[in-house]
Amino acid sequence: MSKYADRKFWTDTADRAVATVAQAAVATLTAGATGLLEVDWVGIGSIAGLAGVVSVLTSVAFRGGAEISE
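Everything in the sequence shown is counted per our numbering, starting at 130 for the first residue and increasing by one.
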């Protein structure tokens, strides 16, 4: 079975991506330290979304060469 066909791999990848998005959003929110109405929500979404994409690509790139055996 291909390493990318493993359901656990994609579940773990999604979990890491969601955590990364949340962490990036929190970091961006606290770096600006402005009021709730002055927050650039589109900018935060863009930064957090990019962090999530990078997380998924990193998981795919560094999965390793070993095939998953059952």
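Note that the Cβ used here is the ideal one computed from N, Cα and C, for glycine as well.
> Okay, do the stretch 176-183 and the stretch 151-160 touch, 3+ Cβ pairs below 8 Å being the bar?
Replying inline: yes
> Starting from T163 and walking both ways along the alpha helix (DSSP H), at which residues does that stretch end?
Replying inline: Here T163 belongs to no alpha helix (DSSP H), and DSSP marks it neither H nor E.
> For S175, which three-state DSSP category applies?
Replying inline: helix
> Roughly how many angstroms lie between the CA atoms of F191 and A143, to the nearest whole one?
Replying inline: 15 Å
> So is T73 buried or exposed if we call it buried at 16+ other beta carbons inside 10 Å?
Replying inline: Outside the modelled stretch of the chain, which goes from 130 to 199, sits residue 73, for which no answer is possible.
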